Amino acid sequence: MKVPLSWLRELVPVQESAEALARTMSVRGFAVEGIEYDVESSPHSTSNARAGVPETTGPDPVIDFEVTANRPDCMSMIGIAREVAVAYGLPLLPPGRPPAVPGLSTDDRGAGAGQALQSVFSDGSPQAGPATPLEIIIEDADLCPRYVGAVADVTIGSSPDWMQARLRAAGIRPISNIVDVTNYVLLEMGHPMHAFDLPKLAGAQIHVRTARPDEMLKTLDGQSRALSPEMLVIADAERAVAVAGVMGGADSEVTSSTKAIVLESAYFNPVSVRRTSKTLGLKTEASMRFERGADPALPVDAMRRAVALIELIGAGRGRGAVVDRYPKLIEPRMLRLRRSRIGALLGASVPDADVLRILGGLGFALQDADDGWEITVPTRRVDTVREVDLIEEVARHYGFDRLPVTFPALTSAPPPVDPTIVRARQLRAVLTAAGFSEAVTFGFMSEPAAIPFVSTGDLVPIANPLSENFAVLRPSVLPGLIDALAHNRRREQRDIRLFEIGARFTRSDGERRAVACAWTGMAAPEHWSGSGRLVDFFDIKSVVERVCEAVGVQVRTEPSSQAWLTPGQRADVLANEARVGVVGQLTTTLADSHGLPSSDSVYVAEIDLETLEQIAAGRVVRVTPLPRYPSVTRDISVVIENSVTAAEIRRTIQDIARALLVRISEFDRYQGKGIPEGRVSLSLHLTFRSSDRTLTDEEVQATMDLIIAALKDRHRAVQR
Amino acid sequence: MSDLSVIEALRADFRARLATAGTDRDLKTLDDQFLSRRSGSVTALLKQIATVPAGERRQFGQLVNALKTEIEAALEERRAAVEAAHAPAGAMDVTLASREIPIGRIHPLMRVRQQVEDIFSHMGYEILEGPEVEDDYHNFEALNMPPDHPARDMQDTLYLGVPIVGGTWGAHGGTLPAAQVRAATLLRTHTSAMQIRYMKTFPPPIRIIVPGRVYRRDNLDLSHTPMFQQFEGLVVGHGVTLADLKGTFEAMLRQLFGDVKVRLRPSFFPYTEPSAEVDISCQSCAGSGCGTCKHTGWLEILGSGMVHPAVFEAVGYDPEQVTGFAFGMGMERVAMLKYGVDDIRLFYENDLRFLEQFPL
């Protein structure tokens with residue numbers, strides 16, 4: 015809300031500089047986006063200039079206040095002025111006093127409307143007048159509780175300079191005297207108005223009704239709009255001439271040749287305006303106010319002000335009576351405010367005098383009650399529906415800075431930390447120690463990038479994505495991580511290790527947490543003492559093992575068939591019999607699709623943390639006594655067929671040696687000279703130990719013999 | 025007295041010989057020649073002391089001893105130099121580059137997150153995560169934002185094309201009450217959704233912190249991302265006040281940012297009343313006004329307020345019996361202020377040249 019200081023000072027005699035005002039109001043709930051200096055709207059002597067406000071020279075400051083969505087009553091000069099008045103303890107002054115307006119018909123008005131509420135005009139009583147030339151028929155009182163109309167004879171021209179300057183300073187383009195007056199009232203009082211070219215209507219009849227099926231309307235912006243039956247329109251006897259509360263129609267637009275107008279000042283249902291505005295994708299100064307909630311008490315005052323301004327600037331004269339249809343009276347809300355509740359919520363008691371000063375100044379009517387006050391809420395305050403809303407008003411103007419500083423009492427034992435958070439920290443420690451830096455990537459991605467990782471039918475699409483790049487939820491943490499790797503690769507980085515911990519999403523499994531790693535470049539960095547070593551499968555496999563170990567699970571790998579990993583360089587990660595993840599080298603096709611050079615070998619892994627944690631659940635750390643007897647290590651070399659895996663050999667050895675075998679590790683794998691084609695020599699260290707005696711050579715040898723026999727038997731292994 | 029000139033001659037002789045002594049062996053020879061107990065020339069002079077007239081004996085003794093000390097020091101110094109020049113086998117140029125042990129960095133947003141978790145943990149808060157995909161009820165409706173509420177425009181939402189099952193939460197994921205299992209239809213726009221889940225599961229008192237990712241339908245630019253990280257905080261109990269909120273933030277923000285001033289500004293959120301934005305004094309200009317703080321001297325750091333009674337009613341708490349405060353803070357904002365980052369996109373590019381600027 016752009017507020018020229020000179021305009022504000024017409025309504026409240028505040029002497030402060032714009033900067034000081036901005037500081038004060040920002041701690042009263044009106045943050046300031048900025049202060050501009052407008053040369054044109056500087057104070058000048060207009061018919062509206064008020065005595066007592068000092069004329070300043072130089073550019074007029076325009077303060078841009080941020081008005082929160084709950085305060086449509088402050089989307090106006092008077093609204094802001096009322097807040098300033100309370101903040102500084104100053105009176106709120108009426109705007110330039112309008113001359114008398116031709117009569118106001120009282121038929122069909124809700125009893126007391128416009129009277130119970132504080133009017134900004136001192137002479138706001140309705141007057142009887144001559145018969146109206148205007149007929150108003152409200153067909154849907156729920157969507158239009160009140161409609162005020164008036165006819166005026168006009169001569170279209172420009173509005174005076176002072177009015178144009180004020181509109182421009184507040185961010186609205188001047189158009190013509192009549193349109194400018196409606197916009198001036200909008201800015202001054204916050205009430206949206208509209209003017210129709212009377213001769214272009216089918217008679218002096220206003221119908222407020224919902225749109226007919228297939229009804230079309232060309233709006234002021236020149237667009238043809240298809241209306242639907244839940245939208246409220248203003249119509250003449252034949253057709254729609256405006257989308258109620260949103261935008262007028264082009265056919266009844268006020269033009270330079272307009273001679274007579276119908277002025278509209280209405281109150282429309284906020285939800286209806288909001289839906290219509292959203293459906294049409296049409297947001298206007300009017301719709302923004304109506305959808306947040308205009309003041310149902312204001313239409314008559316706004317109409318009187320508009321007619322008065324038209325006459326004041328010589329743009330025309332009102333003809334006949336102002337017609338006020340108010341079939342669905344909106345009563346002011348009554349609320350109880352308890353003194354004790356103020357203290358209970360704020361942590362400090364506020365003196366009664368301050369409560370009265372603040373709420374009274376804001377236009378609330380207070381009556382003493384046993385434990386506080388009975389309060390009448392002005393209809394413009396759509397935000398004030400419960401006691402707590404009143405307490406906020408008190409706190410806001412009493413000053414948050416005057417509240418004491420205390421600390422909430424701890425009344426129960428602090429609960430334990432979420433294990434997933436502990437887990438994430440543990441994984442960060444392990445992975446950073448393994449040389450991996452943590453990445454954070456987006457939870458959504460493009461569909462083509464997601465497809466290799468999951469079947470298309472399992473992807474979760476986003477219904478309203480901003481772009482193709484964010485079309486589906488990520489089914490895997492890896493694509494984003496590979497993108498991050500590629501980003502670094504394009505920026506002169508060759509050795510890259512990244513990991514991420516986060517959620518991934520599929521239709522079948524929903525949201526699951528995973529950890530993923532990606533590694534390219536050197537495993538052992540280059541050093542002057544000798545050349546480095548490039549990363550290979552067994553480096554990333556080790557990372558996977560460490561990660562799972564951190565969660566407390568021993569895993570093994572088995573050949574995998576993941577299509578996005580290179581055959582022969584890919585494995586499923588298994589714990590017990592459950593698949594907990596995958597590890598391997600990216601195919602060059604996939605790497606290429608992320609913009610990685612074809613010469614790069616990229617190794618990746620992804621582990622499902624929830625499966626892993628389920629397996630680890632209930633694990634307790636218990637130490638076993640240290641061994642009391644020495645161990646014996648024997649080496650064994652066997653020649654086996656290529657197709658026999660190390661895991662199979664290990665399993666057989668463990669199967670035979672049972673508890674005596676405490677450690678088994680491969681130390682050599684050899685193919686070539688001396689080994690037949692299609693076969694491989696595998697050498698292992700076997701360490702034996704007993705917990706209750708020193709093993710004898712004979713015992714160990716007997717076990718070794720059994721192992722060799724079993725390897726020969728089961729795998730056709732030949733000892734070397 | 026000729027004996028004193030003998031001392032000077034001896035010194036000159038030593039200096040001349042030392043100048044050409046380049047090896048350990050040369051130095052050993054010099055040592056023997058001048059200082060040997062049996063045949064050293066300086067030793068010999070000391071032995072002559074009895075023949076010096078009594079009146080000069082004292083001065084003579086001092087001079088010879090000074091010469092002896094001088095020769096010993098000179099030999100020692102030269103020995104060290106010789107040793108340094110002829111490194112032993114296996115010696116290294118210790119100034120050469122070390123062999124790198126690669127250690128990765130924790131992401132700056134996660135550094136901030138861990139720090140905030142720790143601060144609140146020490147204040148007795150439970151730290152827990154919640155699902156990233158949510159339903160309308162938990163994300164909006166129960167937070168006093170019924171359908172058609174204008175405040176929904178403040179958070180432009182990304183909806184899912186098909187409903188899916190949301191993630192588990194806290195240590196309680198396995199025992200989620202049936203009433204809370206709803207198919208998720210949107211990406212949560214704030215971590216506040218967890219307020220509802222938690223309060224529907226546990227009675228007061230409550231003090232929790234929920235860190236996590238949230239999503240908005242925003243384009244990527246200098247200060248916006250369609251996904252960002254938030255902390256939700258919720259404290260509920262008997263007699264919790266706005267003054268408690270003030271005290272909590274002052275303590276937390278000073279731990280996080282050092283010696284800053286903290287102020288509350290009235291604001292609007294549908295799920296709190298009264299609502300407040302919390303500002304810290306600008307550290308770049310010490311509050312006097314600069315570009316960083318848009319010349320206000322203050323930096324907005326989080327949104328907060330007293331839990332709206334409608335929210336308590338939605339979860340079955342009695343707002344006459346309990347009060348509470350809630351807040352939400354963006355991790356990016358904190359990290360940008362703490363580390364002087366001026367482009368939010370840096371956090372999501374994961375450029376190692378950026379990540380490696382943060383300490384291990």
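Sequence order for the protein chains is A and B.
Just add 14 to wherever you are in the first sequence, counting from 1, and you've got this note's numbering.
Just add 24 to wherever you are in the second sequence, counting from 1, and you've got this note's numbering.
Using N, Cα and C, we set each Cβ at its ideal position, and we do this for glycine too.
Here the structure is a predicted model, which is why all the values come from computation and not from measurement.
message: Does the structure place the segment 643–651 of chain A close enough to the segment 698–712 of chain A that three or more beta carbon pairs sit under 8 Å?
response: Under the 8 Å Cβ criterion, the segment 698–712 of chain A counts as touching the segment 643–651 of chain A, having at least three qualifying pairs.
message: Less than 6 Å between C-beta atoms, sequence neighbours within five positions excluded: which residues of the same chain meet that for L379 (chain B)?
response: The sequence position of residue 379 (chain B) within the second sequence is 355, counting from 1. Counting only Cβ-Cβ distances below 6 Å, and skipping sequence neighbours, we find R129.
field: Cβ of P174 (chain A) within 8 Å of any chain B Cβ
entry: Position 160 of the first sequence, counted from the first residue, corresponds to residue 174 (chain A). For P174 (chain A), the nearest beta carbon of chain B is not closer than 8 Å to its own beta carbon.
field: H205 (chain A) at chain B interface by Cβ criterion, 8 Å
entry: For this step, residue 205 (chain A) is matched to residue 191 along the first sequence. Not flagged as an interface residue toward chain B: H205 (chain A), since no C-beta distance is shorter than 8 Å.
message: Extract the residue ranges of the alpha helix (DSSP H) inside the segment 542–598 of chain A, only unbroken runs of 4 or more that lie entirely within it.
response: Whole alpha helix (DSSP H) segments, 4+ residues: 551–565.
- request: Compare the C-alpha of R123 (chain B) against each of A:R547, A:T455, A:I49 and name the closest.
  value: As a working mapping, residue 123 (chain B) is identified with position 99 in the second sequence. Taking each of A:R547, A:T455, A:I49 in turn and checking the Cα distance to R123 (chain B), the smallest one comes out for A:R547.
message: Looking only at its chain, what residues have a beta carbon closer than 7 Å to the beta carbon of I435 (chain A), apart from the 5 residues adjacent to it on each side?
response: Your numbering for residue 435 (chain A) matches position 421 in the first sequence. Cβ neighbours of I435 (chain A) beyond the five flanking positions: none.
field: Span of the alpha helix (DSSP H), counted from its first residue to its last, around R49 (chain B)
entry: By one-based count along the second sequence, residue 49 (chain B) stands at place 25. Counting along the chain, the alpha helix (DSSP H) containing R49 (chain B) begins and ends at 48–59.
message: Is there a Cβ of chain B sitting closer than 8 Å to that of A34 (chain A), yes or no?
response: Translated into the one-based positions of the first sequence, residue 34 (chain A) becomes position 20. Answer no: the Cβ-Cβ gap between A34 (chain A) and chain B never drops below 8 Å.
task: Can you tell me the Cβ-Cβ gap for V157 (chain B) and F519 (chain A), rounded? I've got them flagged as a contact below 8 Å.
output: Position 133 of the second sequence holds residue 157 (chain B). Position 505 of the first sequence holds residue 519 (chain A). So it is a contact: roughly 7 Å between Cβ atoms.
- prompt: Interface residues of chain A around G133 (chain B) at Cβ under 8 Å?
  reply: The sequence position of residue 133 (chain B) within the second sequence is 109, counting from 1. Per the sequence presented here, residue 133 (chain B) reads as Leu, with Gly not at that position. Those are V454, listed as they occur along chain A.
message: Please list, in chain order, the chain A residues whose beta carbon lies closer than 7 Å to that of I151 (chain B).
response: Here the question's residue 151 (chain B) lines up with position 127 in the second sequence. In chain order: V431, D432, I435.
- prompt: Which stretch, first to last residue, makes up the beta strand (DSSP E) that contains M89 (chain A)?
  reply: Mapped onto the first sequence, residue 89 (chain A) falls at position 75. No beta strand (DSSP E) contains M89 (chain A), which DSSP labels as neither H nor E.
- prompt: Counting only beta-carbon atoms, is N168 (chain B) nearer than 8 Å to chain A?
  reply: The residue you call residue 168 (chain B) lines up with position 144 of the second sequence. False, the Cβ-Cβ gap to chain A never drops below 8 Å.
message: Once the 5 residues before and after R728 (chain A) are set aside, which same chain residues still bring their CB inside 7 Å of it?
response: To locate residue 728 (chain A), count along the first sequence from 1; it is residue 714. The residues are T666.
Y183 (chain B) (DSSP reduced to helix, strand or coil): Walking along the second sequence from the start, residue 183 (chain B) turns up at place 159. In the structure shown, Y183 (chain B) sits in a strand (DSSP, three-state: E or B).
message: Counting only Cβ-Cβ distances shorter than 7 Å, please list the residues of the segment 277–291 of chain B near chain A, keeping chain order.
response: Taking 7 Å as the Cβ-Cβ cut-off, the segment 277–291 of chain B approaches chain A at R287, L288, R289, P290, S291, given in chain order.
message: Taking the beta strand (DSSP E) that V259 (chain B) belongs to, which residues open and close that run?
response: The residue given as residue 259 (chain B) occupies position 235 in the second sequence. Run containing V259 (chain B): 251–261, per the beta strand (DSSP E) assignment.
- request: Measuring only between beta-carbons, confirm whether L445 (chain A) sits less than 8 Å from chain B.
  value: If you number the first sequence from 1, residue 445 (chain A) lands on position 431. Chain B contact via Cβ: present.
task: Can you give me, in chain order, the residues of the segment 135–165 of chain B that have a beta carbon less than 8 Å from any beta carbon in chain A?
output: Those would be Q138, E141, S145, G148, Y149, E150, I151, L152, E153, P155, E156, V157, in chain order.
Cβ-based neighbour list, V732 (chain A), same chain, cut-off 6 Å, excluding 5 preceding and 5 following: Locating residue 732 (chain A) in the first sequence gives position 718, counting from the first residue. Excluding the 5 residues flanking it on each side, V732 (chain A) has same chain C-beta neighbours closer than 6 Å at V653, in chain order.
Distance, C317 (chain B) Cα to E17 (chain B) Cα: The question about residue 17 (chain B) has no answer here: the residues shown for chain B are numbered 25 through 384.
task: Work out the CA separation of R287 (chain B) and E406 (chain A) for me, nearest whole Å.
output: Position 392 of the first sequence, counting from 1, holds the residue named residue 406 (chain A). Position 263 of the second sequence, counting from 1, holds the residue named residue 287 (chain B). If I take the Cα positions, the gap works out to 16 Å.
- prompt: Would you say T265 (chain B) faces chain A, with C-beta separation under 8 Å as the test?
  reply: In the second sequence, the residue the question calls residue 265 (chain B) occupies position 241. Under the 8 Å criterion on CB atoms, T265 (chain B) is classed as interfacial with respect to chain A.
message: My assumption, with CB atoms under 8 Å, is that L698 (chain A) sits in contact with I678 (chain A). Please give the rounded CB distance.
response: Residue 698 (chain A) sits at position 684 when you count from the first residue of the first sequence. Residue 678 (chain A) sits at position 664 when you count from the first residue of the first sequence. That belief holds up - the Cβ atoms of L698 (chain A) and I678 (chain A) are roughly 6 Å apart, short of 8 Å.
- prompt: Which first and last residues belong to the beta strand (DSSP E) in which R511 (chain A) is found?
  reply: Within the first sequence, numbered from 1, the residue matching residue 511 (chain A) stands at position 497. Here the beta strand (DSSP E) through R511 (chain A) covers 510–520.
task: Would you please verify whether the beta carbon of A733 (chain A) is less than 8 Å from any beta carbon of chain B?
output: Locating residue 733 (chain A) in the first sequence gives position 719, counting from the first residue. The sequence given here has Gln at residue 733 (chain A), not Ala. Output row for Q733 (chain A): interface = no.
- prompt: Residues of chain B with a CB under 8 Å from the CB of T425 (chain A): which are they?
  reply: Position 411 of the first sequence holds residue 425 (chain A). Correct list: P229, G261, H262.
- request: Starting from the C-beta of P187 (chain B), find all residues in its chain whose C-beta is less than 7 Å away, skip the five residues before and the five after it, and write them out in chain order.
  value: Position 163 of the second sequence, counting from 1, holds the residue named residue 187 (chain B). Residues of the same chain with a CB within less than 7 Å of the CB of P187 (chain B), apart from the 5 flanking positions on each side, are A207, A208, T209 in chain order.
Near-chain B residues of the segment 465–477 of chain A (beta-carbon distance less than 8 Å), N- to C-terminal order: Correct list: V474, P475, I476, A477.
query: Any idea if R511 (chain A) is buried or exposed, counting beta-carbon neighbours within 10 angstroms, 16 or more meaning buried?
result: As a working mapping, residue 511 (chain A) is identified with position 497 in the first sequence. Taking all protein chains shown into account, R511 (chain A) has 16 or more neighbouring C-beta atoms within 10 Å of its C-beta and is therefore buried.
message: Check whether the segment 225–242 of chain A and the segment 353–360 of chain A touch, using three or more Cβ-Cβ pairs below 8 Å as the test.
response: Put simply, the segment 225–242 of chain A does not touch the segment 353–360 of chain A. Fewer than three CB pairs are less than 8 Å apart.
- request: Taking only runs that begin and end inside the segment 394–475 of chain A, name each unbroken beta strand (DSSP E) of 3 or more residues, in chain order.
  value: Here no run is fully enclosed.
task: Report the three-state DSSP secondary structure of P132 (chain B) (helix, strand or coil).
output: As a working note, residue 132 (chain B) is residue 108 in the second sequence. Looking at P132 (chain B) - three-state DSSP - the assignment turns out to be helix.
message: Using only CA atoms, which one of A:V165, A:V168, A:W21 lies nearest to V98 (chain A)?
response: Here residue 98 (chain A) refers to the residue found at position 84 of the first sequence. Nearest to V98 (chain A) by C-alpha distance, out of A:V165, A:V168, A:W21, is A:W21.
Residue range of the unbroken alpha helix (DSSP H) whose run includes L343 (chain A): Here residue 343 (chain A) refers to the residue found at position 329 when the first sequence is read from its first residue. It is not in any alpha helix (DSSP H) - L343 (chain A) carries neither H nor E in the DSSP assignment.
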